[in-house]
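Undergrad:
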Amino acid sequence: MLLSVYIVCTLLLCICVLLWSLERRKRNKYRGVPTYPLLPFIGNIHQVVGDTQSKFFHIVENITDICEENQSLFVVWLGPCPILGAVQHPDDVKMVTNSFVEKPYFYDFGRAWLGDGLVTAPGQETALGVSNISENIVTEEYYDAFNRCLELMIYRGMNILLHPDAIYRLTPAHKEMMNCVAALHKVSDNVVMKKLRAEPKNVKLSEINHNQGKVTNRGPKFKAFLDILMELREVDPNLTDHQIKAEVDTIILAGQETVATAFFYTLLMIGCKPGVQEKMYAE
0 MLLSVYIVCT LLLCICVLLW SLERRKRNKY RGVPTYPLLP FIGNIHQVVG
50 DTQSKFFHIV ENITDICEEN QSLFVVWLGP CPILGAVQHP DDVKMVTNSF
100 VEKPYFYDFG RAWLGDGLVT APGQETALGV SNISENIVTE EYYDAFNRCL
150 ELMIYRGMNI LLHPDAIYRL TPAHKEMMNC VAALHKVSDN VVMKKLRAEP
200 KNVKLSEINH NQGKVTNRGP KFKAFLDILM ELREVDPNLT DHQIKAEVDT
250 IILAGQETVA TAFFYTLLMI GCKPGVQEKM YAE
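Position 96 (the sequence shown) corresponds to 95 in numbering that gives the first Met the number 0; numbering is contiguous.
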């Protein structure tokens with residue numbers, strides 16, 4: 000019995016040493032980039048434990064001040080994964096986006112909702128386009144599930160104990176997450192099914208117009224995002240209905256209050272810069 004305990008403890012110690020060695024090697028690559036004080040294995044996650052919303056905005060404000068003062072990047076470590084923030088110069092943006100094609104593992108937290116869509120897809124998969132999503136498909140149930148889903152993903156991201164899927168699936172948060180995802184998928188399922196039912200009718204109409212030789216001078220007809228996906232499915236047999244639905248989920252997510260959010264952050268940034276306000280007033 001004592002020997003078994005000794006062997007298990009030795010194996011755990013070896014695993015910890017190996018993980019710590021790999022983590023140190025990764026962190027050495029960012030040695031010159033400013034960061035907060037780190038703890039082994041968890042990085043900076045301990046600094047956002049608690050009231051995550053207020054702490055998150057405080058940390059973002061603090062990182063922005065540090066980057067503006069030093070005119071440099073800033074890295075935050077979520078466990079073993081580096082998150083580069085406050086990238087300002089266009090050359091830095093190009094360098095960062097080209098260097099981090101593969102997404103960190105915590106993007107998988109949203110895969111139950113978005114599948115392999117534009118946001119959560121692996122690096123080797125490509126974007127397929129953008130379209131407008133009508134607001135009348137978003138019900139109050141969808142809106143509540145949408146907000147709760149984001150809260151649960153952020154909560155999991157800030158709690159390193161919930162990162163392993165095997166542990167997270169045992170918690171009540173996972174069950175609530177799946178209920179929210181089911182409500183969200185109702186919308187995308189309805190959108191895709193309506194399009195699939197309408198597709199044969201559209202094909203017949205296009206054949207009739209082609210046979211009658213109808214030609215318009217209005218230029219090429221605008222194609223919605225889902226229409227493009229349907230056409231791609233005819234050309235590429237590898238594009239499945241599941242992938243199409245994942246892209247629809249992603250576009251619906253991306254279309255939530257984007258203009259309002261952009262205006263909010265624009266006004267917030269202007270409010271933080273009295274000098275910019277004076278220039279705008281003068282103009």
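Cβ atoms here follow ideal geometry from the backbone N, Cα and C, with glycine treated the same way.
In this text, all values refer to a predicted model and were calculated from it rather than measured experimentally.
Taking 7 Å as the cut-off, is the C-beta of residue 267 nearer than that to any heavy atom in the ligand ATP?
TA: The ligand ATP is not among the ligands present in this structure, which contains no ligands whatsoever.
Undergrad: Given 8 Å as the limit, is there contact between the region 185-193 and the region 247-254, that is, 3 or more CB pairs closer than that?
TA: Output reads yes: the region 247-254 touches the region 185-193.
Undergrad: Within this structure, are the beta carbons of residue 42 and residue 72 separated by less than 8 Å?
TA: Their beta carbons are not under 8 Å apart, which means residue 42 does not touch residue 72 by this criterion.
Undergrad: Give the straight-line distance between the Cα atoms of residue 19 and residue 152, rounded to the nearest whole angstrom.
TA: Answer to the nearest angstrom: the Cα atoms are 26 Å apart.
Undergrad: CB-CB under 8 Å to residue 45, same chain, minus the five flanking residues each way: which ones, in chain order?
TA: Excluding positions up to five away in sequence, the list reads 38.
Undergrad: Leaving out five residues on either side along the sequence, give the residues of the same chain with a beta carbon under 6 Å from the beta carbon of residue 144.
TA: Contacts found: 179, 182 and 183.
Undergrad: In whole angstroms, give me the CA-to-CA distance for residue 57 and residue 64.
TA: Straight-line Cα distance between these residues: approximately 11 Å.
Undergrad: Name the two residues that bound the continuous alpha helix (DSSP H) containing residue 224.
TA: Note, residue 224: alpha helix (DSSP H), 224-234.
Undergrad: Which word fits residue 31, buried or exposed, when buried means at least 16 other C-beta atoms lie within 10 angstroms of its C-beta?
TA: So residue 31 counts as exposed.
Undergrad: Indicate whether residue 154 and residue 172 have their beta-carbon atoms separated by less than 8 Å.
TA: The answer is yes: Cβ separation under 8 Å.
Undergrad: Identify whether residue 270 lies in helix, strand or coil by the three-state DSSP scheme.
TA: In this structure, residue 270 counts as helix in the three-state DSSP scheme.
Undergrad: Rounding to the nearest angstrom, what Cα-Cα distance links residue 168 and residue 265 in this structure?
TA: Roughly 38 Å between the two C-alpha positions.
Undergrad: From this set, 111, 170, 159 and 279, which residue's C-alpha is nearest residue 148's C-alpha?
TA: Of the candidates 111, 170, 159 and 279, the one whose C-alpha sits nearest the C-alpha of residue 148 is 111.
Undergrad: Tell me, please, which residues DSSP counts as bridged to residue 82.
TA: Answer is 75, bridged to residue 82.
Undergrad: Since residue 34 and residue 59 are thought to touch, with beta carbons under 8 Å apart, how far apart are those beta carbons, to the nearest angstrom?
TA: So it is not a contact: roughly 15 Å between Cβ atoms.
Undergrad: Can you tell me whether residue 163 is buried or exposed? The criterion is at least 16 other CB atoms within 10 Å of its CB, across all chains shown.
TA: It counts as exposed.
Undergrad: According to DSSP, is residue 156 part of a helix, a strand, or is it coil?
TA: Looking at residue 156 - three-state DSSP - the assignment turns out to be helix.
Undergrad: With 16 other CB atoms within 10 Å as the buried threshold, where does residue 17 fall?
TA: Looking at its Cβ environment, which holds fewer than 16 other Cβ atoms inside 10 Å, residue 17 is exposed.
Undergrad: What did DSSP end up calling residue 38 once you bin it into helix, strand or coil?
TA: Reduced to three states, the DSSP call for residue 38 is strand.
Undergrad: Please report the straight-line C-alpha distance between residue 161 and residue 268, rounded to a whole angstrom.
TA: Between residue 161 and residue 268, the C-alpha separation is close to 33 Å.
Undergrad: Would you decide whether residue 246 is buried or exposed? Buried here means 16 or more other CB atoms lie within 10 Å of its CB.
TA: The residue in question, residue 246, is buried, as its Cβ has 16 or more Cβ neighbours within 10 Å.
Undergrad: Can you tell me whether DSSP reads residue 260 as helix, strand or coil?
TA: In the structure shown, residue 260 sits in a helix (DSSP, three-state: H, G or I).
Undergrad: Could you name the residues of the same chain whose beta carbon sits closer than 8 Å to that of residue 61, not counting the 5 residues immediately before and after it, in chain order?
TA: Excluding residues within five positions, none has a Cβ falling inside 8 Å.
Undergrad: Rounded C-beta distance between residue 225 and residue 194? I'm assuming under 8 Å.
TA: Right, the Cβ-Cβ distance comes to about 5 Å (below 8 Å), so this counts as a contact.
Undergrad: Taking the alpha-carbon positions, what's the residue 276 to residue 70 distance?
TA: Taking the straight line from one Cα to the other gives about 22 Å.
Undergrad: Report yes if the CB atom of residue 79 is closer than 8 Å to the CB atom of residue 25, and no otherwise.
TA: Cβ distance < 8 Å, so residue 79 and residue 25 count as in contact.
Undergrad: Where does residue 33 sit, in a helix, a strand or coil, going by DSSP?
TA: Note: residue 33 maps to coil in three-state DSSP.
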